[in-house]
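Structure, as structure tokens:
Number of protein chains: 4
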Amino acid sequence: MTTGGFPSTTSLPVKDIGRLLLRCDDRPGLVASISSFLSEAGANIISLDQHSTAQTGGTFMQRTIFHMPGLSAARDEMERAFSDRVAGKFGMDFQLTEAAKPKRVAILASREDHCLLDLLWRNRRGELDMSVVMVISNHPDLADQVRPFGVPFLHVPAHKDIRAEAETRKLELLRGNVDLVVLARYMQVLTPRFLGEIGCPLINIHHSFLPAFVGEAPYRKAKERGVKLVGATAHYVTEELDEGPIIEQDVVRVDHRHGVDDLRRLGADVERVVLSRAVLWHCEDRVVRHGNQTIVF
Amino acid sequence: MTTGGFPSTTSLPVKDIGRLLLRCDDRPGLVASISSFLSEAGANIISLDQHSTAQTGGTFMQRTIFHMPGLSAARDEMERAFSDRVAGKFGMDFQLTEAAKPKRVAILASREDHCLLDLLWRNRRGELDMSVVMVISNHPDLADQVRPFGVPFLHVPAHKDIRAEAETRKLELLRGNVDLVVLARYMQVLTPRFLGEIGCPLINIHHSFLPAFVGEAPYRKAKERGVKLVGATAHYVTEELDEGPIIEQDVVRVDHRHGVDDLRRLGADVERVVLSRAVLWHCEDRVVRHGNQTIVF
Amino acid sequence: MTTGGFPSTTSLPVKDIGRLLLRCDDRPGLVASISSFLSEAGANIISLDQHSTAQTGGTFMQRTIFHMPGLSAARDEMERAFSDRVAGKFGMDFQLTEAAKPKRVAILASREDHCLLDLLWRNRRGELDMSVVMVISNHPDLADQVRPFGVPFLHVPAHKDIRAEAETRKLELLRGNVDLVVLARYMQVLTPRFLGEIGCPLINIHHSFLPAFVGEAPYRKAKERGVKLVGATAHYVTEELDEGPIIEQDVVRVDHRHGVDDLRRLGADVERVVLSRAVLWHCEDRVVRHGNQTIVF
Amino acid sequence: MTTGGFPSTTSLPVKDIGRLLLRCDDRPGLVASISSFLSEAGANIISLDQHSTAQTGGTFMQRTIFHMPGLSAARDEMERAFSDRVAGKFGMDFQLTEAAKPKRVAILASREDHCLLDLLWRNRRGELDMSVVMVISNHPDLADQVRPFGVPFLHVPAHKDIRAEAETRKLELLRGNVDLVVLARYMQVLTPRFLGEIGCPLINIHHSFLPAFVGEAPYRKAKERGVKLVGATAHYVTEELDEGPIIEQDVVRVDHRHGVDDLRRLGADVERVVLSRAVLWHCEDRVVRHGNQTIVF
């Protein structure tokens with residue numbers, strides 16, 4: 001059995017729907033202040049989730065979905081007012097987005113097609129709340145499979161010897177143009193310089209249940225260790241390889257009859273579903289990073 | 001993989017912790033009104049979950065956990081004030097409970113021990129938020145296993161010919177003394193009269209994935225149909241057998257090699273975990289009934 | 001967690017690999033007779049699975065994978081010899097196939113693309129042991145998605161008023177040309193006449209955990225009943241709708257927040273993985289029908 | 001969903017049922033030789049599973065369950081004959097056991113009761129194929145819970161300063177008296193000397209999904225790493241801590257709301273079910289060790 005995860009807001013009307021994501025030190029009166037602000041602004045709360053990292057004295061995080069007629073026109077003023085009247089007072093980080101404006105996403109891939117195609121196909125079905133603006137690959141192989149989805153495919157060769165130029169080329173393509181980069185089994189290392197300059201979050205899929213089998217060839221290592229489950233992990237990319245905040249994980253049962261190729265095949269199913277959940281949740285503003293962990297509302 | 005379900009509040013301090021569960025027609029301003037009331041009453045919201053059955057015009061339900069110094073002394077006055085200032089205005093049903101006052105629970109069992117023992121054992125470990133005030137069985141067999149837990153075991157014989165007297169005896173024991181009755185594989189039919197007079201909710205465990213295999217001998221029927229999964233369902237008891245609101249379900253994988261006895265053995269593991277989750281969630285005031293469905297916060 | 005199922009023989013060399021599937025009344029000496037025959041024929045057993053429906057007096061089924069140099073040339077003679085020297089003696093049904101000859105498969109679909117595309121993708125990746133010789137749909141919508149896979153797409157309109165002609169057309173296309181028909185969310189009823197004349201097995205995917213929610217609109221019914229899991233069932237098609245032998249089932253967890261559209265979206269993921277497992281297992285000669293049940297080796 | 005695992009032979013009649021477990025270099029004719037021997041000895045094969053680690057040139061392992069009238073009387077002679085006529089010829093390791101003779105098992109525990117009690121419950125219900133001959137603990141706490149099961153409870157204090165004496169005492173109690181030692185959350189290190197002298201296999205339950213979070217405090221480490229699943233691993237004990245051959249693993253879903261205590265509580269459910277599966281499979285002679293891996297038939 002898989003866990004289905006969250007209801008998708010993609011099946012709801014998006015007009016006039018806003019999302020307010022915020023974080024601050026916990027203290028009494030936060031929910032009342034925020035909900036009173038929204039109520040006075042003419043917004044009706046559709047759903048509200050909050051989390052505190054401790055019963056007292058922790059960090060408070062909240063995600064609120066609300067309906068407000070005329071949101072698009074009023075959004076900037078609302079943001080200013082919230083900043084002045086609520087966020088400033090409580091020292092809040094916050095983010096106010098409109099459901100009607102899907103995130104602009106680039107997907108980076110290499111030769112493996114399963115994660116890439118699954119994202120494109122789900123997006124075409126309307127399951128993911130994003131606009132895929134380009135696919136970049138260091139191999140030309142998948143062009144014919146990507147372009148029928150109406151998405152530009154860009155071949156940017158990359159290997160150890162031309163890493164700097166390749167990253168420069170990718171930065172030119174991506175910077176300012178996307179809100180999220182998804183690494184769909186992209187097999188090139190990204191340098192700290194790239195991560196520092198990209199200006200948006202990156203989500204990666206690792207083909208093991210982290211922290212087991214970090215690094216290369218996790219299915220081979222899993223076979224050697226004789227594990228009875230293999231898994232996949234979607235996480236935000238940080239400078240430490242395979243150490244970023246985990247968004248989602250899942251596993252599949254295997255046994256002694258499965259060779260490394262079988263693990264790879266069975267694992268691929270887990271990879272694509274885990275990555276697509278993580279991307280959906282990110283695009284719906286469900287994920288809050290807190291240190292090396294995530295809160296997924 | 002099982003789904004772990006919710007964090008248990010049983011691992012938290014319970015002093016001064018209150019739970020407010022409510023339901024009303026949805027309309028703007030509800031969250032603000034409720035959270036403002038709590039804030040003004042000196043209560044700090046620890047967690048808040050809400051659900052609307054429709055984006056507009058549906059039923060609104062909310063569960064709020066709050067911390068308020070001196071709650072025990074102030075509870076009755078708080079309830080009155082909430083009724084006057086909030087609940088009345090919005091036509092709310094609500095319920096205000098204290099985490100420090102666990103529900104009084106009776107368990108009814110027959111000969112099967114797995115669900116009964118698992119509940120008693122989890123409760124001894126402090127995993128369930130309840131006080132088991134008695135076990136009633138229509139067979140004497142399990143007395144020696146129950147009494148070491150410090151729980152009274154009462155043998156009330158019951159079969160078709162003495163149903164009325166048996167139910168009268170059970171009603172004398174239970175009515176007013178318990179907040180919840182758990183049927184832990186209790187194999188006697190309960191009449192509408194009993195359900196009408198008991199005065200508290202009942203939770204039953206059915207040994208199939210409802211609505212598949214209603215009625216008797218579900219594992220035999222499952223074997224005959226050749227299903228690849230068998231399951232269990234915990235639900236509130238209503239007059240319609242096996243038709244009450246479902247609280248929790250889970251399944252286990254089986255195959256052609258499993259005989260009916262194997263299904264029974266494997267299913268028993270699912271039954272005990274599904275029932276214990278349902279009882280925990282009920283005792284923590286997480287479950288709201290809505291027609292023939294449940295919302296589990 | 002999903003169950004990965006069986007190792008795929010598709011990752012093994014297929015040259016000289018044979019599969020012997022058989023069924024007869026159980027009696028002593030069967031395994032010895034069969035394995036001695038294979039040994040004397042120069043075949044080395046790679047894997048062997050057997051099942052008896054009862055400890056004594058039941059039905060015996062066995063699947064044997066073996067390696068025999070020159071199998072293709074020797075196959076017909078081997079079949080004759082096995083029939084004479086073993087099968088006749090024990091009253092066996094048997095089937096001798098070569099791994100190097102994948103089954104010829106037709107897929108029937110309507111408008112929904114998830115099951116169809118998943119089968120085509122997996123087959124292109126080499127995960128399924130089949131040759132897709134045509135896709136037939138009663139709608140033209142999916143032609144552009146199917147043809148890039150190099151598979152013929154045939155539009156055969158079908159509805160209640162032209163059922164007989166439509167079935168005749170399909171029979172002309174299919175009969176003798178395919179070893180298996182897969183109904184990938186094909187939304188037309190197939191008549192007993194069609195099933196009688198098609199001359200090969202059909203596998204269907206039903207979008208519920210059978211026997212729960214037979215018939216139409218299972219996700220709507222699931223929502224109304226308030227279940228906590230939804231599922232899918234792959235089964236052989238028989239004249240009784242939704243009653244054929246079950247090959248595989250799986251489920252996904254849902255809750256009160258999921259609307260019918262969410263159930264449909266989450267269920268689609270289960271449907272495609274359940275169907276692809278059933279098709280793979282059938283194509284690898286793993287499935288034996290026994291009354292209304294299946295043995296999956 | 002949990003995986004149910006294997007059908008239990010404990011629900012079958014055990015009289016005259018034998019189990020033959022063997023391992024040798026793979027070569028043609030093995031299955032034929034073994035099944036012919038059994039057939040000639042008057043044994044009827046009830047079930048047979050085999051596995052080769054490679055298509056050719058690997059290690060061959062087989063588990064055969066057979067029925068032979070008068071097995072108990074004939075067993076020693078049968079063992080001799082098999083050794084002479086089959087095992088010697090192929091260089092086989094083998095083991096011939098009777099289902100009617102359950103393994104003698106000792107359970108070592110410390111203060112945690114969940115794994116210990118679950119084993120004792122299941123065994124009382126007839127689910128496990130073993131005879132528990134003693135429970136040894138380094139704490140006296142659980143005596144009152146163990147003795148009502150009719151099992152001797154022995155308190156053998158153990159800590160760093162008296163490790164040698166404590167191990168000597170345990171060896172005196174165990175050596176020759178048990179066929180298996182189960183560490184049911186036993187929190188003392190066992191030295192290489194102890195492992196060398198005990199003369200029977202040991203099964204341990206580790207409270208993480210190995211190889212993630214080896215060593216101490218895995219639930220705390222899991223919380224810090226922000227994983228979305230926690231698990232448990234049952235493995236044979238070797239001199240390398242947490243490195244022995246894995247018999248079974250499973251996981252449970254967790255999220256940001258779960259504190260370390262919640263992980264411990266949810267993990268305990270996984271631990272007890274994983275350990276009980278591993279013990280059952282070992283007691284039914286299903287598990288073959290092969291290097292650092294296990295084959296579970």
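Residue numbers (our numbering), protein chains in the order written: chain F, 1 to 297; chain C, 1 to 297; chain L, 1 to 297; chain Z, 1 to 297. Backbone N, C-alpha and C fix where the C-beta goes; we use that ideal spot for every residue, glycine too.
### Task
Please state whether DSSP places ILE198/C in a helix, a strand or coil.
The answer is coil: DSSP assigns ILE198/C none of H, G, I, E or B.
### Query
Can you name the residues that DSSP bridges to ASN204/C?
Beta-bridge annotation (DSSP): ASN204/C is paired with LEU183/C and HIS235/C.
### Pick from ARG122/Z, PRO140/Z and LEU116/Z that is closest to ALA268/C, judged by C-alpha positions
In terms of CA proximity to ALA268/C, ARG122/Z leads the group ARG122/Z, PRO140/Z and LEU116/Z.
### Delimiting residues of the alpha helix (DSSP H) encompassing PHE37/L
Where PHE37/L is concerned, the enclosing alpha helix (DSSP H) stretches over 30 to 40.
### Query
What's the C-alpha gap between ALA212/F and ALA212/Z?
Across the structure, ALA212/F and ALA212/Z are spaced so that their CA atoms are roughly 5 angstroms apart.
### Task
Use the C-beta contact count for GLN50/Z: other C-beta atoms within 10 angstroms, 16 or more gives buried, fewer gives exposed.
A residue is called buried when at least 16 other Cβ atoms come within 10 angstroms of its Cβ; GLN50/Z meets this threshold and is buried.
### Query
Fully enclosed by the stretch 67 to 129 of chain L, which alpha helix (DSSP H) runs are 4 residues long or longer?
71 to 82 and 114 to 124, all fully within the stretch 67 to 129 of chain L.
### Burial state of LYS15/L (16 or more Cβ within 10 Å)
That one is exposed.
### Query
Roughly how many angstroms separate the alpha carbons of CYS115/Z and SER208/Z, rounded to a whole number?
If you draw a straight line from the Cα of CYS115/Z to the Cα of SER208/Z, it is about 14 angstroms long.
#### Entry: At least 3 beta-carbon pairs within less than 8 angstroms: the stretch 175 to 195 of chain C vs the stretch 124 to 143 of chain C
Flag = yes, the stretch 175 to 195 of chain C and the stretch 124 to 143 of chain C touch.
### Per-residue contacts from LYS228/F into chain Z (C-beta, under 7 angstroms)
Proximity of chain Z to LYS228/F at the Cβ level (cut-off 7 angstroms) is accounted for by ILE246, GLU248 and GLN249, in chain order.
#### Entry: GLY250/F, enclosing alpha helix (DSSP H) - first and last residue
Note that residue 250/F is Asp in the sequence shown, not Gly. Element bounds for ASP250/F: not the alpha helix (DSSP H) but the beta strand (DSSP E), 246 to 253.
### Message
For a quick check, are the C-beta atoms of VAL279/C and LEU180/C less than 9 angstroms apart?
### Response
Contact flag set, yes.
### Task
Please confirm if the stretch 250 to 264 of chain C is in contact with the stretch 17 to 26 of chain C, defined as three or more CB-CB distances below 8 angstroms between the two stretches.
With fewer than three CB-CB distances shorter than 8 angstroms, the stretch 250 to 264 of chain C does not count as touching the stretch 17 to 26 of chain C.
### Message
Less than 9 angstroms between the C-beta atoms of ILE247/C and ILE203/C, yes or no?
### Response
The answer is yes: Cβ separation under 9 angstroms.
### Query
Name the DSSP bridge partner or partners of ARG229/L?
Note that residue 229/L corresponds to Leu in the displayed sequence, not to Arg. Its beta-bridge partners are ARG253/L.
### Query
What are the residues that DSSP puts in a beta bridge with VAL296/C?
Answer is VAL287/C, bridged to VAL296/C.
### contact_flag[the stretch 284 to 291 of chain F, the stretch 55 to 71 of chain F] where n(CB pairs < 8 angstroms) is 3 or more
The stretch 55 to 71 of chain F and the stretch 284 to 291 of chain F touch, with three or more beta-carbon pairs separated by less than 8 angstroms.
### Query
Listing by chain order, which chain F residues have their CB less than 8 angstroms from the CB of ARG264/Z?
Those do not exist, as ARG264/Z stays about 18 angstroms from chain F at its closest Cβ, beyond 8 angstroms.
### Query
Using a C-beta to C-beta distance shorter than 8 angstroms, which residues of chain L count as neighbours of HIS67/Z?
Those within 8 angstroms of HIS67/Z in chain L are GLN55 and THR56.
#### Entry: Supposed close pair LEU142/F, ASP118/F - CB separation, criterion 8 angstroms
ASP118/F and LEU142/F do not touch by the CB rule: their CB atoms are close to 13 angstroms apart, not below 8 angstroms.
### Query
Quick one: what's got a C-beta closer than 6 angstroms to THR97/Z's C-beta in the same chain, skipping five residues either side?
Around THR97/Z, the same chain offers ARG19 and ASP285 as residues with beta carbons nearer than 6 angstroms, after the five sequence neighbours per side are excluded.
### Query
So what does DSSP say about LYS15/F, is it helix, strand or coil?
Correct three-state label for LYS15/F: coil.
#### Entry: GLN188/C, DSSP secondary structure in three states
Coil.
### Query
So GLU239/L and PRO201/L are in contact, right, with Cβ under 8 angstroms, and what is the actual spacing, rounded?
GLU239/L to PRO201/L, Cβ: 14 angstroms. No contact.
### Message
Just to confirm before moving on: does the CB-CB distance between ALA222/Z and VAL230/Z stay below 9 angstroms?
### Response
It is a contact, given that the beta carbons lie within the stated cut-off.
### Query
Is it true that the stretch 29 to 45 of chain F meets the stretch 31 to 49 of chain C, where meeting means three or more beta-carbon pairs spaced less than 8 angstroms apart?
As far as the Cβ criterion goes, the stretch 29 to 45 of chain F touches the stretch 31 to 49 of chain C, which means the pair count is three or higher.
### Task
Would you tell me roughly how many angstroms separate the C-alpha atoms of ALA41/L and MET78/L, rounded to the nearest one?
When rounded, the distance between both Cα atoms is 8 angstroms.
### Task
Round the Cβ separation of ALA87/Z and PHE94/Z to the nearest angstrom and send it over; I've been treating them as touching at under 8 angstroms.
ALA87/Z to PHE94/Z, Cβ: 5 angstroms. Contact.
### Query
Apart from the five residues on each side of it in sequence, which residues of its chain come closer than 6 angstroms, Cβ to Cβ, to PRO218/L?
Closer than 6 angstroms at the Cβ level, and outside the excluded window around PRO218/L, lie HIS207 and SER208.
### Query
Under a CB-based cut-off of 9 angstroms, is ASN44/Z close to chain L?
With 9 angstroms as the cut-off, ASN44/Z counts as an interface residue toward chain L.
### Message
Strictly by DSSP, which residues pair up with ALA51/F?
### Response
The displayed chain sequence assigns His, not Ala, to residue 51/F. The bridge partners DSSP lists for HIS51/F are MET61/F.
#### Entry: Close-in-space but distant-in-sequence residues of the same chain around LEU195/F (CB under 8 angstroms, 5 per side omitted)
Cβ within range, chain order: LEU202, VAL237, THR238 and GLU239.
### Message
Beta carbons nearer than 7 angstroms to chain Z: which residues of the stretch 119 to 146 of chain C have them?
### Response
For the stretch 119 to 146 of chain C, the set of positions with a beta-carbon nearer than 7 angstroms to some beta-carbon of chain Z reads TRP121 and GLU127 in chain order.
### Query
What residue range is occupied by the uninterrupted beta strand (DSSP E) comprising LEU154/L?
Unbroken beta strand (DSSP E) run through LEU154/L: 153 to 155.
### Query
In chain order, what residues of the same chain lie with their CB nearer than 6 angstroms to the CB of TRP281/L, ignoring the 5 residues before and after it?
Once the five neighbours on either side are set aside, the close Cβ partners of TRP281/L are VAL287 and VAL296.
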